[in-house]
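Working notes for the structure below.
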Amino acid sequence: MELTTFWFVIIAVLWIGYFVLEGFDFGVGVLLKTVAKSQAERRAVLTTLGPLWDGNEVWLLVAGGATFAAFPEWYATLFSGFYLPLFLILMALIVRGVAMEYRSKYGDEKWRGRWDNAIVISSFVPALLWGVAFANIVRGVPLEVQNNVIEYTGGFFNLLNPYGLLGGLVTLSVFMTHGAIFLALKTDGAIRERARVIATKIGLFAAVVTVAFLAITVTAYNDKLEVYGLAAIVAVAWLAALSANLRGREGYAFLYSSIALTFAVITLFSALYPNVMPSSLLETASLNINNASSTPYTLKVMTYVAVVLTPIVLLYQGWTYWVFRKRISAAQIPSPESGVLDFSKLPK
Amino acid sequence: MSSLDLARWQFAITTVYHFIFVPITIGMGFLVAGLQTAWYRTGNTKYLKATKFFGKLFLINFAMGVVTGIVQEFQFGMNWSSYSRFVGDIFGAPLAMEGLLAFFLESTFLGMWIFGWDRLPKKIHLASIWAAAMGTVFSAYFILAANAWMQHPVGYTVNEARGRAELNDIFAVLFQNTAVSAFAHTISFAFFTAGSFLVGVSAWLLVKNREKAMATSTLKLGLVTVMITFVMIAVTGDWTARIMTEQQPMKMAAAEALYETTEGAPFSLLTIGTLDQSRPVFQIDIPGVLSFMSTGDVNGVVEGINDLQAQYEKQYGPGDYTPNIPLAYWGFRLMIGFGALATLFALITLWRLRKNELPKGRWFLPAMISMPFLPILANSFGWIFTETARQPWAVFGLFKTEDGVSPTVGAASVAFTMIVFTLLYGVLAVIEFKLMIRAIQIGPEVIDTSELHEEVELGGDSTKKLTMAY
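Protein chains in written order, with our numbering: chain A, 4 to 351; chain B, 768 to 1237.
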């Protein structure tokens, strides 16, 4: 395999990691107030993410860094082109991280209520916008050659086309379902029951929009036969996840929804290949794995680094998931209404 | 303002802000790990108390460092796409390595540490804070190597056809002396910052007559850290300065030559623009420097700069190769000044402490309260100096900052994002600061010694209440 193709695959793997892992993070965040009614329940729900969310988010940072290293032209065109959506995502990720860490510093209801709203909104925004962004990448955006480089010339509203928005609905609803399935697997009691019901309801909606989205993708923005097969795997895995959820097989449900997300990313990247950002205006203004890539030397260096480090990362991150595998119930939250830095704790 | 100016301001604001939290994270990670190790080894609960107390402060700070760091990973592509295209083949590599090696380590093991008190056996729990701390140092190394390449590009050739710099020696990029010295200097300062933080907080507790056993230990730990790292900072600073003089003489000219002129006339330097204002400058009788000054040319306060300007015009073509001199001059001095002041406070306190007493003067408490802030200011001014005195270059001698900005992003977009970032960062700073103050006021929590001797099973016991919940 050419190194440029290898790195295209690596970038896809990083996005798979990001969508599978932070996907459920986002879903849990959006559903926080729907699935958890009492303070103890909310804290139980957020604690399922506690030790994991930051590590999940690193997949995005590494995807960004790896794109910079392996395909600098892609990094430059994409991030300067999708300027405002990316900015909104960054704002959301900032607020989200702080909200997670700070919400239980005080027990005060207003304080917690505000951070909870912040978590819902800041999970909703990226869950929607990642879909919009990826749909537009696959669909092709206005790219032109200016001063010898390929630049995005479309502006912000160009991204809000029907297919792009459909993509947004797909990631939003799929992440929400994935999050509900994760909660059903990781909590106990009332939250678990509610999460399973929510997973079925939103999961069916997600099935409809996803199938519609994939149907358009494979027919309109794809010229490879095998991509039809990949899209079919997504649909089958998704239905398997919903069925497992209905039967109360939570572990399998999570496995299948993770597989569906994995193949969804594979489908999009396969439809793209060998382009990384097709131009909707002119075939020659498309960015592909060759005209966007770094030198063979840099790719070789980065290949050594990735081949050595990625298995180690997978090993220890997987181990964290194993350590924190036990279910968490609202009953386990110590004095749910109090916060770490409450006034009552000030020395007299 | 043009999108270039705005993008520069945005970079300055987001980066300086991010770097308020970074040195505390790096230094405190290790100090907390050290305290926990002391508890593990001795079983003395004052160390456990200190681990939990400073751990709490560390985490309030860490959250801010993480979220503001996300912006840094994407900002190059968003506001500096032309820069990213030109340097990506080289500059992207350390960034990707940083993510893969450092960020994963840091975030995964810190998550384990925060939530692991009742989920991990003591030994593994202790190892997880060390792993997270190592992650912060790896992160520092890679990003400083990337920055060092901007100060002194090596290991590359320029491909004219592709219009970019291309990597041909990764080891030169990662291990050049510019990177190694900057790393040594920055890490020393990170420990200095964390030490000062410990000193300030512990001294406050002692003045308030609280937690004597714990606070005395952490005060001593902080003071010793400050004194040791002060020496390291001086040594690595001298090393860094010598490398800088050789590799970026203009930067040293901006900082060093002006150095001789301030004593007695510090404010006149702020108005370098007029002849009259610069007159007192001439009166200071320092041999050699005086002869430079005698040109009477305002820009030529330090002749070295003019010489270099002329030399660069010959080398790189017409243009202004002089950085912002007052900023460089003051940045350099404030870096040293704030660091020296913190060291002085630490030295006096250490001197009194030999008789197990704290200094008595009315200055003591305000000085101790200022301790956490002085190194932060020193860090900030040091980096403001380093980065602005490299201008007009983004990559010294190779690529100008003005050529790096994204051509497709309009000034209005950059202004909008800059304003929103600044507002959000402002609000978060207030929240973070209040939480920090409150956590210090509450002080260390009471340790329940009954549970200390139970060995925790890997994965924890789900019939028990959780130790840590969001």
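Using N, Cα and C, we set each Cβ at its ideal position, and we do this for glycine too.
For this session: Pick out whichever of B:T924, B:A1020 and B:Q943 has its Cα sitting closest to the Cα of B:F909.
Result: B:Q943
Q.
I believe B:G794 touches B:A961 by the beta-carbon criterion, under 8 Å. Please report the beta-carbon distance rounded to the nearest angstrom.
A. 3 Å
| said: Let me check one thing: in DSSP terms, what residues is B:F1166 bridge-paired to? | reply: B:V1162
B:K1232: contacting residues in chain A (beta-carbon distance under 8 Å) = The contacting residues are Q335, I336 and P337.
- Message: Suppose only complete runs of 3+ residues qualify. What are the beta strand (DSSP E) ranges in the segment 150 to 229 of chain A, listed by chain order?
- Response: 152 to 155
Would you please verify whether the beta carbon of A:F272 is less than 8 Å from any beta carbon of chain B? no
Q. Under a CB-based cut-off of 8 Å, is B:L1165 close to chain A?
A. B:L1165 does not count as touching chain A.
Task: Closest residue to B:S1173 among A:S83, A:G32 and A:F346 (Cα-Cα distance) - done: A:S83
- Mind checking B:L773: buried by the 16 CB within 10 Å criterion, or exposed? Buried, since its Cβ has 16 or more Cβ neighbours within 10 Å.
Practice item. Look at the alpha carbon of A:T287 and the alpha carbon of B:Q1015, and state the distance between them as a whole number of angstroms. Key: 42 Å
Beta-bridge partners of A:E2, as assigned by DSSP: Only positions 4 to 351 of chain A appear in this structure, which leaves residue 2 of chain A out of reach.
* Since I believe B:D1005 is in contact with B:V1223 (beta carbons under 8 Å), could you give me their beta-carbon distance rounded to a whole number of angstroms? => Not really, about 48 Å apart at Cβ, beyond 8 Å.
**Message:** Could you give the first and the last residue of the continuous alpha helix (DSSP H) run that contains B:T875?
**Reply:** F871 to F882
Opening and closing residue of the beta strand (DSSP E) in which A:M280 lies: Taken as a continuous stretch (DSSP letters only), the beta strand (DSSP E) holding A:M280 covers N278 to M280.
- Shorter than 8 Å from the beta carbon of A:P281 to some beta carbon of chain B? no
Open item on the list: Given this structure, state the Cα-to-Cα distance separating A:R355 from A:L207, to the nearest angstrom.
Closed with: There is simply no residue 355 of chain A to check, as chain A begins at 4 and stops at 351 in what is shown.
B:K813: which of B:A1008, B:T983 and B:T1116 sits nearest, CA to CA?
Minimum Cα distance to B:K813 is reached at B:T983.
- Identify the contact partners of B:T953 in chain A, using a Cβ-Cβ distance below 8 Å as the criterion. Those within 8 Å of B:T953 in chain A number zero; the least Cβ separation is about 20 Å.
Nearest CA to the CA of B:T1153: which residue from B:N935, B:G1098 and B:L1225?
Comparing Cα-Cα distances from B:T1153 to each of B:N935, B:G1098 and B:L1225, the minimum goes to B:G1098.
Handout entry: Cα-Cα separation between B:I1151 and B:A1095, rounded to whole angstroms
Key = Answer to the nearest angstrom: the Cα atoms are 8 Å apart.
Checklist entry - So, is A:S347 buried or exposed, given that buried needs 16 or more other C-beta atoms within 10 angstroms? => result exposed
- Query: Would a C-beta distance cut-off of 8 Å place B:I1092 and B:A1021 closer than the cut-off?
  - Reply: yes
- Query: How would you write the range of the alpha helix (DSSP H) that B:T835 sits in, first residue to last?
  - Reply: T812 to N846
Query raised in the report: Where in the segment 879 to 953 of chain B do unbroken runs of the beta strand (DSSP E), each at least 3 residues long, occur, reported from the N-terminal end onward?
Result: Listed in chain order, the complete beta strand (DSSP E) runs (minimum 3 residues) inside the segment 879 to 953 of chain B are 923 to 926 and 931 to 934.
Less than 8 Å between CB atoms is the rule here; does A:V38 satisfy it with respect to chain B? Not closer than 8 Å to any Cβ of chain B, the Cβ of A:V38 fails to qualify, so no.
Looking only at C-alpha atoms, which of A:P88, A:S332, A:L81 and A:L52 sits nearest to B:T1184? A:P88
State the start and end residues of the unbroken alpha helix (DSSP H) segment that holds B:G1128. Looking at the DSSP string, B:G1128 is not in any alpha helix (DSSP H), and its letter there is neither H nor E.
Can you tell me which of the three DSSP states B:N1091 falls into? For B:N1091, the three-state secondary structure derived from DSSP is coil.
| query | Roughly how many angstroms lie between the CA atoms of B:R1129 and B:L986, to the nearest whole one? | reply | 19 Å
* Exposed unless 16 or more other CB atoms sit within 10 angstroms - verdict on B:A1077 -> exposed
Starting from A:Y300, trace the alpha helix (DSSP H) in both directions and tell me its first and last residue. P299 to V326
query = Quick one, which of A:I194, A:V65, A:Y276 and A:S297 has its alpha-carbon nearest A:N225's?
reply = Selection A:I194, A:V65, A:Y276 and A:S297 evaluated against A:N225 yields A:Y276 as nearest (Cα-Cα).
Self-check item: Under 7 Å from the C-beta of B:Q1208: neighbouring residues of chain A
Solution: L349
>> For A:A218 and A:V31, I'd like the C-alpha separation in whole angstroms.
In response: 28 Å
Could you tell me if B:S1238 is buried or exposed, where buried requires 16 or more neighbouring beta carbons within 10 angstroms of its beta carbon? This structure does not reach residue 1238 of chain B, given that chain B is present from 768 up to 1237, and the question cannot be answered.
My output table needs one value for A:L64: the three-state DSSP class, helix, strand or coil. DSSP places A:L64 in helix when its eight states are reduced to three.
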